[in-house]
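Trainee: This is the structure, below, for whatever I ask next.
2 protein chains.
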Amino acid sequence: MAAEESTVWPKAPPSNPPVQEASERRKSHLRRPAARASLADAGWAGHVRAVVENVQPCVDAGRFPIKRAVGEQVTVEADCFADGHDHLSCVLQYRHENDAAWSELPMLELGNDRWRAAFTVDRIGVWRYAVTAWVDALGSWYAEFARRAEDADLAVAARMGADLIDAAADNSAAEQRAQKRRRGEEQDRRREEELGRVRDEERGRMRAWAKALRQGSADRLKAIALNPKLLDIARRHAARPNAVRSAPDLRVSVERERARFGAWYELFPRSTAAEAGRHGTFRDTLGWLDYVADMGFDVLYLPPIHPIGEQHRKGRNNAVQAATGDVGSPWGIGSAAGGHTAIHPELGTLEDFRRLLEAARRRGLEIALDMAFQAAPDHPFVKAHPEWFRWRPDGTVQYAENPPKKYQDIYPLSFDGPDWHGLWQELLGVFRFWIGQGVRIFRVDNPHTKPFVFWEWVIAEIKRSHPDTIFLAEAFTRPRIMHRLAKLGFSQSYTYFTWRYNRRELTDYFTELAQSPAREYFRPNCWPNTPDILSGPLRHGGRPEFSLRLVLAATLAANYGIYGPAFELMENRPRDDASEEYLNSEKYELRHWDLQRPDSLAPLITRINHIRRANPALQSDWSLRFHATDNDQLLCYSKTAGSNGVLMVVNLDTRFTQSGWVDLDLAALGLAADAAYEVHDLLTGARYTWRGARNFVRLDPRAGPAHILQLPAPSGVTVR
Amino acid sequence: MAAEESTVWPKAPPSNPPVQEASERRKSHLRRPAARASLADAGWAGHVRAVVENVQPCVDAGRFPIKRAVGEQVTVEADCFADGHDHLSCVLQYRHENDAAWSELPMLELGNDRWRAAFTVDRIGVWRYAVTAWVDALGSWYAEFARRAEDADLAVAARMGADLIDAAADNSAAEQRAQKRRRGEEQDRRREEELGRVRDEERGRMRAWAKALRQGSADRLKAIALNPKLLDIARRHAARPNAVRSAPDLRVSVERERARFGAWYELFPRSTAAEAGRHGTFRDTLGWLDYVADMGFDVLYLPPIHPIGEQHRKGRNNAVQAATGDVGSPWGIGSAAGGHTAIHPELGTLEDFRRLLEAARRRGLEIALDMAFQAAPDHPFVKAHPEWFRWRPDGTVQYAENPPKKYQDIYPLSFDGPDWHGLWQELLGVFRFWIGQGVRIFRVDNPHTKPFVFWEWVIAEIKRSHPDTIFLAEAFTRPRIMHRLAKLGFSQSYTYFTWRYNRRELTDYFTELAQSPAREYFRPNCWPNTPDILSGPLRHGGRPEFSLRLVLAATLAANYGIYGPAFELMENRPRDDASEEYLNSEKYELRHWDLQRPDSLAPLITRINHIRRANPALQSDWSLRFHATDNDQLLCYSKTAGSNGVLMVVNLDTRFTQSGWVDLDLAALGLAADAAYEVHDLLTGARYTWRGARNFVRLDPRAGPAHILQLPAPSGVTVR
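In structure tokens, the structure reads:
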């Protein structure tokens, strides 16, 4: 894939005449009803022969950007062709939105009129790219010349080539003059002079070539004409008449690495008090930072930290009436103590929060806040801005419902009410407030119950000033809604991993996430549990179940998270058989966790997060490949990145030992067909000698759920 | 699929406020750099909550129309959703471009936020369609009401519903007033009054419903509220605030039936003389019309009928030097006798040609002309318009090459030269000239060597005045080029059928033609042979090979053609081993054919064309389904149309008898799983009793290449 970049080509912005945009020209024609209007007036471009179609990647015809993290490649392909048999030249053009100048790379033809080039995005922000193609007169002449045989014919063809070469030299001189006129004082004189010298020298070679072609003897003309180096020079200097450029420009939203790779830990600060029964504070949470950081997490995500409403406050286990002293749900936001820009008084002060942020940062831990745009009945918004709510004829506000859930303690905001402008600006202000404190990651609660256009606007506004901000969408809802949220700007999304258990489900779902075109904009973040979801096998499940789901999440997805300490302490009691809620859920009461419990999964988590950090293969999603096994309970998959390769073999049966043969796609792993190689289990330290594709595996759930095997570096075979 | 249309819905054009076009609004935002511009000014539509995405069918984001023939359906699907849990309404809107008013149909939700409706195109020309969605306040209220339980809550909810119903009645009244104002004298008074009465009556029912909801007792409110008939009325009359409409409008190019279904016969008129050695004329061709029509062909396609150049005329078997008396290639167009609007003198006069057209028409036979836009060196263009050619420095014009073919007798026209406007208008005039004579089908020679934009323009121009014109693209070249020509307006295209021989090749290729998204614009026309191509098994092949290729072409594709009488007389001698050319090709010399030869395939052709005409299943392409067989030499496929079903079992081995079991997809054929049924061989008249999916077949190539079995009408099972 890197081959495209190695071709010599000027990296300077093209200074050719502006290219034609075919689709624009058509549009102007469509606006004209007159059948007999002159052709040129009607916008039909008779000189334009090249076609650029089907530029990929591309989301909804360019309506939305694709996504990348800094340092990643964008591999662009397009169908480019022209009528007849002339040669075509195609370039990929790209620039960061803040740069005026476009860079460009020649595209290589893959065959069947498909062209490809790749560029690397080395800065965050929005980049643009486009494909330009034109009929390459020089290349066409050159290829045709090689076929000619008769003397007279050769002489005529040589003269035609000489004319083209002289025209390229003329164009080079004209460009140089134009550039000189454009240049201001601030330009780098020395570089300019050096470029000028190169140009002068190359023009000299072109003039000499053209002259030789005009004067050469018939028997030497072929030798004179067929000089690929000179052809290359002349093509670089030639004009690009009637070039066609793809339209509209396509965009890449480039975010920092954390958007692509990270381990999240969700924690209720109010449950961090050292003594059971006391309301925890940010100062208590300070004492947990080492614990979380030492486990190898990158992001510490806190549920809402704002004042909790008193009116209609929920009691323990979601009781509609709170008892005295019940702490309520952090998502019931707002009270006399303030709203979305205030700190819940029992957690501490804004100063305490800033101290927590700073202390976390020193440990390489970033704090993510939960943005839940809704209000408790006593949120200051309700009195100050009644127009931001939808009132019923009896003077009440309908509480929120997210069927089957009912939130009697929560009023939804009316995003399309008469003063939506005011509300939207206020909520943008909420983001800006926390960004001002230093927060750069937001987990957004229920984004699918607010208008899509609101999110598109607010994320664009924030990214404009703070492009390092990351947004995680809590949207477990309908797939097309999840995708829309991802397209319009959310960096990451929760996924259906939480409900995918067997081999078929996991294989299908992760193949979709890693291979479907939606991967260009949808970045998964996989959670085995959340405060809302104690799902499937974790209900009443024990250590093997929790270990299994942890290994799957952390190795299938570059972004994953757990809700702790419920996870590492294997909290497994559901509230009832009908819901996925926890019994005595932390959402409604304080909990006190014994982090020192000897059966804690913290050591396993630590090990796995360490493996993730040490192996680039586990830090992105697209390289995921599933490999065959002859036992349905064994799931085998690999991830690769450059010379780093990791192979997982997971026993999906948490009760019994399972064994069987795995059948590796050796080509995908860059391994030779029949050679022996050593695999190194990064979980246990064990080393095995394997040979070829078929190897035997045996996993006892009491020992652990999986092999995480480091593979040898690929040996000459190309890694796909 | 017809279910969508049965739902009651007003067919009148919607008179609601203009809908928002989301993408337009975004664009206006993108034009504004200011971050702090007021939200509304910046084009962000805070009230707009619905989303319409991924409208299908759609070619290149709406850049090109899809294609249909008159009477066909357009089934439109789209992803439509909104934030939150409100109900959505979606309609499909469509109109013929010449109509001012849009028709509309409600779309049905298929699940997973996908919606569908279908409309029938009953006139040729261009149609437009779009999808509009909006949050349905009444529907949302109704669904929510059903869930409410407490008395007080019910009363409040009832009042909210009453407000919505009254608003719908108000909207209905306002619309009626607005329509009255708009109406001119020419309107149908009686229909208007009747519609007014219906509206008045429905408004009365709405008012009564609202009143009942305001006054109803708590214990009866549910019964009052939940009336689906009244809900339906109110929803029809309600406004559609903040509706979102897909943009741009998508288009359907609707052509007459012949674009979808036809059997073509290609014939050199100069070879129709009764006596060997004499140059045939149009008068001679008159004598062939019964022969061609009786075989059941729909289109008689003639190679170019214009004067043939004298300079550099080709001799027999493509000799670069013609011998005295050699007739030259009809594609070497133009001489002192005229150019593209003249008739080759040896064929007769324009009057003779018109007589031929008319005589063919009387026999249900349409004549297609070959448009080859190129010139012999003595074409009048060369002297009159030297600027339409590309001259070499030695004063010559480079002759045409279509590698590996060389056409020394042909000068290409320069479509992007300085006077391209003049040339294009001239060539448009050529089409118009022949349209003026009554020709409505054009086979276009080598369209891929002329600019795509030329074809897009010229076809659009002609279709504007003569939408019944059909264009067949001769483009065997690169697939993306064939597809571009189809997208930009060619009605049909030659295909790779000519080079697809074994079961795998045929299955893959025809599955692609019938099922891939490209079927929306690419209509195949399948030819076993052409004057240029004596391919594969036909070379040295005999009766079984010709029969096999005929049956495949005529039953796999709704449009097919043969080059005759070379085909029915099984002309099989190639010029050499390297090319696909015929020995003694009619392209360069007169031939004399003995139509009475007892071994002629004419009876088989007649039979097959008769079967095609009698079975609608064979008259379109999309229903094609392949069925499994346990013998690689047996190809089994079906086509269906309504209650008509035809099953082909073809023996691909022309030497040996082949037998085996076919395994039918009974559901696709609408047949019951285990019942017995009779199949009727339309080629031989034989009848067989089959049972269930697996049935035994035995085919002897000496008896014939295939079964063409008429299936019983499907019995209650839905035909897919």
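These protein sequences, in sequence, are chains R and L.
All residue numbers for the first sequence refer to this note's numbering, where the first residue is 152 and numbers rise by one.
All residue numbers for the second sequence refer to this note's numbering, where the first residue is 152 and numbers rise by one.
Heads up, the beta-carbon is just placed ideally off N, CA and C, and yes, glycines get one too.
(1) Spell out whether any CB of chain L is found under 8 Å from the CB atom of Pro184 of chain R.
(2) So, for Ser565 of chain L: in the same chain, excluding its five sequence neighbours on each side, which residues have a beta-carbon less than 7 Å away from its beta-carbon?
(3) To the nearest angstrom, how far is it from the Cα of Leu833 of chain L to the Cα of Ile762 of chain L?
(4) Can you check DSSP and say which residues form a bridge with Cys209 of chain L?
(5) In the DSSP assignment, find the unbroken alpha helix (DSSP H) run with His572 of chain L in it and report its ends.
(6) With a floor of 4 residues, list each alpha helix (DSSP H) that falls wholly inside the stretch 648-698 of chain L, ordered by position along the chain.
(7) What residues from chain L crowd round Leu239 of chain R, counting only those whose CB sits closer than 7 Å?
(8) If you compare alpha carbons, which of L:Trp608, L:Lys465, L:Gly460 and L:Ile586 is closest to His617 of chain L?
(9) For a contact defined as C-beta to C-beta under 9 Å, what are the partners of Thr600 of chain R on chain L?
(10) Which residues share a DSSP beta bridge with Glu204 of chain L?
(11) Quick test of your reading: Asp560 of chain R and Ser480 of chain R, contact by CB under 8 Å. State the CB separation rounded to the nearest angstrom.
(12) Go through the stretch 754-805 of chain R residue by residue and report every complete run of the beta strand (DSSP E) that reaches 3 residues or more, in order.
(13) Which residue comes first and which comes last in the beta strand (DSSP E) that contains Lys218 of chain R?
(14) Given that Glu204 of chain R touches chain L, what residues does it touch there, using C-beta distances under 8 Å?
(15) Might you give, ordered along the chain, the residues of its own chain that have their beta carbon closer than 6 Å to the beta carbon of Asp851 of chain L, omitting 5 neighbours on each side?
(16) Whose C-alpha, out of L:Ala389, L:Arg265, L:Trp292 and L:Ser422, is nearest the C-alpha of Leu377 of chain L?
(17) For Asp619 of chain L, which residues in the same chain have their Cβ closer than 7 Å to its Cβ, ignoring the five residues on either side in sequence?
(18) Taking only runs that begin and end inside the stretch 281-349 of chain L, name each unbroken beta strand (DSSP E) of 3 or more residues, in chain order.
(19) So, using beta-carbon positions, are Ala779 of chain L and Asp814 of chain L closer together than 8 Å?
(20) Which bits of chain R does Met311 of chain L rub up against, with CB to CB less than 7 Å?
(21) Please report the distance separating the alpha-carbon of Gln244 of chain R from that of Leu636 of chain R.
(22) Just the Cα atoms here: how many angstroms apart are Asn205 of chain R and Ala398 of chain R?
(23) Please classify Gly580 of chain R: is it buried, with 16 or more other beta-carbons within 10 angstroms of its beta-carbon, or exposed?
(24) Exposed or buried, what is His691 of chain L when buried is set at 16 or more other beta-carbons lying within 10 Å of its beta-carbon?
(25) With a threshold of 8 Å between beta carbons, is Asp250 of chain L in contact with chain R?
(26) Assign Pro725 of chain R to one of three DSSP states: helix, strand, or coil.
(27) In chain R, which residues lie less than 7 Å from Asp567 of chain L when you measure between Cβ atoms?
(28) So, with DSSP's three-state summary, where would you put Ile561 of chain L?
(29) Which residues share a DSSP beta bridge with Val830 of chain L?
(30) Between His778 of chain L and chain R, is there a C-beta pair that is closer than 8 Å?
(31) Please report the straight-line C-alpha distance between Asn597 of chain L and Phe270 of chain L, rounded to a whole angstrom.
(32) With respect to the beta strand (DSSP E) encompassing Tyr416 of chain L, which residues constitute its N-terminal and C-terminal limits?
(33) Note down the Cα distance separating Val595 of chain L from His457 of chain L, rounded to an integer number of angstroms.
(34) Do you know offhand how far Ala325 of chain R's Cα is from Leu574 of chain L's?
(35) In terms of residue numbering, what span does the alpha helix (DSSP H) encompassing Val443 of chain R cover?
(36) Among R:Pro863, R:Arg742 and R:Ile459, whose alpha-carbon lies nearest the alpha-carbon of Ser794 of chain R?
Mentor: Put simply:
(1) Translated into the one-based positions of the first sequence, residue 184 of chain R becomes position 33. The pLDDT assigned to Pro184 of chain R is 35, lower than 50, so where the model puts this residue is not dependable; a value taken from the coordinates is nonetheless given after this. Chain L contact via Cβ: absent.
(2) Sequence index remark: in the second sequence, residue 565 of chain L carries index 414 (1-based). Once the five neighbours on either side are set aside, the close Cβ partners of Ser565 of chain L are Trp539, Phe540 and Arg541.
(3) Counting from 1 along the second sequence, the entry for residue 833 of chain L is found at position 682. Counting from 1 along the second sequence, the entry for residue 762 of chain L is found at position 611. Taken atom to atom, the span from the alpha-carbon of Leu833 of chain L to that of Ile762 of chain L is near 7 Å.
(4) Position 58 of the second sequence, counted from the first residue, corresponds to residue 209 of chain L. For Cys209 of chain L, DSSP assigns no beta-bridge partner whatsoever.
(5) Here residue 572 of chain L refers to the residue found at position 421 when the second sequence is read from its first residue. Per DSSP, His572 of chain L belongs to the alpha helix (DSSP H) from Trp571 to Gln588.
(6) Segments of the alpha helix (DSSP H) lying fully in the stretch 648-698 of chain L: 654-666.
(7) One-based indexing of the first sequence puts residue 239 of chain R at position 88. Per Cβ cutoff of 7 Å: no residues; Leu239 of chain R is ~12 Å from chain L at best.
(8) Position 466 of the second sequence, counted from the start, is the residue given in the question as residue 617 of chain L. The option with the nearest alpha carbon to His617 of chain L is L:Ile586.
(9) Here residue 600 of chain R refers to the residue found at position 449 of the first sequence. Result: Asp234, Gly235 and His236.
(10) The count along the second sequence starts at 1 and reaches residue 204 of chain L at position 53. When beta bridges are read from the DSSP output, Glu204 of chain L appears opposite L:Asp230.
(11) Here residue 560 of chain R refers to the residue found at position 409 when the first sequence is read from its first residue. Here residue 480 of chain R refers to the residue found at position 329 when the first sequence is read from its first residue. Distance from Asp560 of chain R to Ser480 of chain R at the Cβ level is roughly 6 Å; contact confirmed, criterion being Cβ atoms closer than 8 Å.
(12) Residue ranges of uninterrupted beta strand (DSSP E) with 3 or more members, entirely inside the stretch 754-805 of chain R and ordered along the chain, are 776-780, 785-792 and 795-802.
(13) For this step, residue 218 of chain R is matched to residue 67 along the first sequence. Start and end: Ile217 to Ala220.
(14) Indexing the first sequence from 1 puts residue 204 of chain R at position 53. Chain L residues near Glu204 of chain R: Asp211, Arg631 and Arg635.
(15) To locate residue 851 of chain L, count along the second sequence from 1; it is residue 700. If we look at Asp851 of chain L and ignore the five residues flanking it on each side, its Cβ neighbours are Thr808.
(16) Sequence index remark: in the second sequence, residue 377 of chain L carries index 226 (1-based). Comparing Cα-Cα distances from Leu377 of chain L to each of L:Ala389, L:Arg265, L:Trp292 and L:Ser422, the minimum goes to L:Trp292.
(17) Your numbering for residue 619 of chain L matches position 468 in the second sequence. Closer than 7 Å at the Cβ level, and outside the excluded window around Asp619 of chain L, lie Ile275, Arg407 and Arg591.
(18) None, since the stretch 281-349 of chain L contains no complete beta strand (DSSP E) of that length.
(19) Counted from its first residue, the second sequence places residue 779 of chain L at position 628. Counted from its first residue, the second sequence places residue 814 of chain L at position 663. The beta carbons of Ala779 of chain L and Asp814 of chain L sit closer together than 8 Å.
(20) Along the second sequence, one-based indexing puts residue 311 of chain L at 160. Residues of chain R passing the Cβ test: Arg543 and Pro544.
(21) Taking the first sequence and counting its residues from 1, the one referred to as residue 244 of chain R is at position 93. Taking the first sequence and counting its residues from 1, the one referred to as residue 636 of chain R is at position 485. Distance between the alpha carbons of Gln244 of chain R and Leu636 of chain R is about 28 Å.
(22) The residue given as residue 205 of chain R occupies position 54 in the first sequence. The residue given as residue 398 of chain R occupies position 247 in the first sequence. Separation of Asn205 of chain R and Ala398 of chain R (C-alpha to C-alpha, rounded to the nearest whole angstrom) is 11 Å.
(23) Within the first sequence, numbered from 1, the residue matching residue 580 of chain R stands at position 429. Answer is exposed; the Cβ neighbour count stays below 16.
(24) Residue numbering aside, residue 691 of chain L sits at position 540 when the second sequence is read from its first letter. Burial is judged here by how many other beta carbons sit within 10 angstroms of a residue's own beta carbon; His691 of chain L has fewer than 16 and is exposed.
(25) The residue labelled residue 250 of chain L in the question sits at position 99 within the second sequence. Not closer than 8 Å to any Cβ of chain R, the Cβ of Asp250 of chain L fails to qualify, so no.
(26) Your numbering for residue 725 of chain R matches position 574 in the first sequence. Here DSSP, grouped into helix, strand and coil, assigns Pro725 of chain R to strand.
(27) The sequence position of residue 567 of chain L within the second sequence is 416, counting from 1. Gly197, His198 and Arg200, listed in chain order.
(28) As a first step, residue 561 of chain L is located in the second sequence; it is residue number 410 there, counting from the start. In this structure, DSSP gives Ile561 of chain L a state outside helix and strand, which the three-state scheme calls coil.
(29) Along the second sequence, read from residue 1 onward, the residue named residue 830 of chain L stands at position 679. As computed with DSSP, Val830 of chain L is found in a beta bridge with L:Tyr839.
(30) The residue given as residue 778 of chain L occupies position 627 in the second sequence. Contact of His778 of chain L with chain R is not assigned, every C-beta pair being separated by 8 Å or more.
(31) For the purposes of this step, residue 597 of chain L is taken as residue 446 along the second sequence, with counting starting at 1. For the purposes of this step, residue 270 of chain L is taken as residue 119 along the second sequence, with counting starting at 1. Cα to Cα, the separation comes out at about 36 Å.
(32) By one-based count along the second sequence, residue 416 of chain L stands at place 265. From DSSP, the beta strand (DSSP E) with Tyr416 of chain L extends over Gly413 to Glu417.
(33) Within the second sequence, the letter at position 444 stands for residue 595 of chain L. Within the second sequence, the letter at position 306 stands for residue 457 of chain L. Approximately 15 Å, taken between the alpha carbons.
(34) On the first sequence, residue 325 of chain R is found 174 positions in, with the first residue counted as 1. On the second sequence, residue 574 of chain L is found 423 positions in, with the first residue counted as 1. Taking the straight line from one Cα to the other gives about 32 Å.
(35) Start at 1 with the first residue of the first sequence, and residue 443 of chain R comes out as number 292. Start and end: Leu440 to Asp445.
(36) The sequence position of residue 794 of chain R within the first sequence is 643, counting from 1. Distance from the Cα of Ser794 of chain R is smallest, within the candidate group R:Pro863, R:Arg742 and R:Ile459, for R:Pro863.
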